[in-house]
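Below you'll find the structure, written out as structure tokens, and then a few comments.
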Amino acid sequence: MMTKADVIVIGAGIVGNATAYYLAKKEKKVIVLEASDYIGNGGSSRNGGGVRQSGRNPKELPLMKWGVQNIWPTLSEELGVDTEYTQEGNLRLGKNDQHKAILQKLADGANACGVEVKMIDAAEVKKINPYLSDEVTCASWCPTDGHANPLTTTLGYYKKARELGADFITGAPVSRIVTRAGKITGVEAGEGDEKTFFEAETVVVAAGYESNAILETVGITIPMHKRAVTCLVTEAEPQMFRQMLGTAMADFYGHQTKHGSFVMGGTDGFDECPAHIDDSYPLVGSSMISATSRGILGYFPMLENAKIVRAWGGYVDFCVDGCATVSKVDEVPGLYVECSFTGHGFGIGPAAAYNIAELICTGSCPADISPLRYDRFKPAK
């Protein structure tokens with residue numbers, strides 16, 4: 001087992017795997033430490049698959065826009081897997097004037113950042129997707145948005161990083177970042193008497209909602225908390241539409257896959273954690289499945305008899321401002337953070353990873369990540 005590297009990446013989700021890949025491409029020696037026994041065990045392989053610019057906070061749009069233009073179109077070829085990336089647009093749906101106002105504000109923010117998003121009426125919505133409920137009265141429409149397969153994409157990054165020499169170690173929860181004279185010397189991982197010191201002068205924390213426990217060992221805190229969400233998958237149905245879908249009120253989100261099944265997610269509005277048997281088999285409460293199903297049927301009544309073949313629950317690292325943190329940490333030389341993606345990290349994750357890798361290797365990066373700094377937060381009181 002390798003215990004010394006140029007960079008240690010904490011977390012083997014899509015962000016950690018992609019960061020390892022882009023660093024390895026730059027000929028950096030990389031160790032990835034994953035707390036669970038599985039690669040992509042969290043939300044990276046269990047989500048609605050959205051690759052969207054619309055509906056995002058303007059702080060994230062420069063990075064997301066860059067990723068849509070520069071990473072996603074050729075990612076399948078680069079990773080040697082079928083990411084199932086489909087750029088057929090995003091409909092964010094509304095049913096009343098309140099929903100329309102929410103969507104209009106999001107559309108205005110996107111357009112101000114150079115992302116084409118327009119408001120459309122019920123007739124235009126039906127032209128794009130004739131399967132929607134007649135209750136839908138409006139939507140925002142972003143033709144350059146899309147979706148992809150979370151599982152193949154996350155594992156594609158893992159395989160390519162491995163091919164380039166990155167070392168992945170599972171079952172290795174990081175307990176602390178180790179410093180000497182204010183500079184990083186490595187991290188300590190493992191449990192009980194099995195702790196191991198991994199040496200590196202650069203550390204990237206990409207551990208989702210577990211990131212704060214690690215960051216706090218060097219005095220850094222990101223204001224985020226766990227939020228329980230669920231996703232479900234139906235049996236394959238005839239192909240109906242290729243857009244990514246969302247709603248003004250976040251009742252549900254999702255898309256129809258290349259296979260024909262629907263992958264859709266949602267929440268019951270509670271932040272309580274779902275029950276777990278163990279880390280490899282997360283369960284969801286009945287309220288989450290029923291709430292998500294009601295949300296779907298409110299927009300797609302024709303799916304009433306679609307059979308759910310599986311569902312899973314988990315946590316998102318929900319940030320106080322609803323935005324990712326993608327940043328170098330000034331107070332701790334050698335520390336970088338990629339977390340608080342607030343449930344929409346899959347689509348933006350590759351761009352975050354690429355830019356952090358560039359920042360580590362060259363001191364600069366092509367996208368503007370300054371709005372996502374770790375120290376952007378102000379006290380609430």
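With the first letter of the sequence shown counted as 1, position 95 gets the number 95 in the UniProt record's numbering; the numbers rise by one all the way through. Here a beta-carbon is modelled for each residue, glycine too, at the ideal position from N, C-alpha and C. It should be emphasised that the depicted structure is a prediction, and the values quoted were computed from it without experimental measurement.
Taking 8 angstroms as the cut-off, the Cβ atoms of I308 and T234 count as close.
Within the model, the alpha-carbon separation for V32 versus R310 is close to 30 angstroms. For V233, the secondary structure class from DSSP, reduced to helix, strand or coil, is strand.
The DSSP-derived three-state label of I360 is helix. In the three-state DSSP reduction, F252 falls in the coil class, being neither helix nor strand. For T74, the secondary structure class from DSSP, reduced to helix, strand or coil, is helix. Collapsing the DSSP output to three states places T221 in coil. Take the alpha-carbon of Y157 and the one of A12: they are about 10 angstroms apart. Apart from sequence neighbours up to five positions away, the residues of its chain that approach W66 with a beta-carbon distance below 6 angstroms are A351, A367, ordered along the chain. Secondary structure note for M302: it is in no beta strand (DSSP E), with a DSSP letter that is neither H nor E.
Measuring C-alpha to C-alpha distances from G246 to each of G50, R92, I169 identifies R92 as the nearest. The way I'd put it, the stretch 108-116 does touch the stretch 54-71; three or more beta-carbon pairs between them come closer than 8 angstroms.
In this structure, the straight-line span from the alpha carbon of G266 to that of N47 is close to 10 angstroms. Taking the CA atoms as reference points, T86 sits about 32 angstroms from K328.
The stretch 189-197 makes no contact with the stretch 318-338: fewer than 3 CB pairs, one atom from each, lie closer than 8 angstroms.
Contact check for I177 against L303 fails: the beta carbons are separated by 8 angstroms or more. Classified as exposed, N305 has fewer than 16 neighbouring CB atoms from the shown chains inside 10 Å of its CB. Here DSSP, grouped into helix, strand and coil, assigns D368 to coil. The beta carbons of I14 and F346 sit about 6 angstroms from each other, so the pair counts as a contact at 8 angstroms. C138 has its alpha-carbon roughly 5 angstroms from the corresponding atom of G94. G208 is the residue among V316, G298, G208 whose C-alpha sits nearest the C-alpha of A35.
Between I128 and Q243, the beta carbon gap of about 7 angstroms places them in contact (Cβ cut-off 8 angstroms).
Of all C-beta pairs linking the stretch 221-233 to the stretch 316-323, three or more are shorter than 8 angstroms, placing the two stretches in contact. For the pair T170 and A357, the Cα-to-Cα distance works out to about 22 angstroms. In this structure, the alpha-carbon of D121 lies about 16 angstroms from that of G89. Judged by beta-carbon spacing, E77 lies beyond the 8 angstroms limit of A324, meaning their Cβ atoms are not closer than that value.
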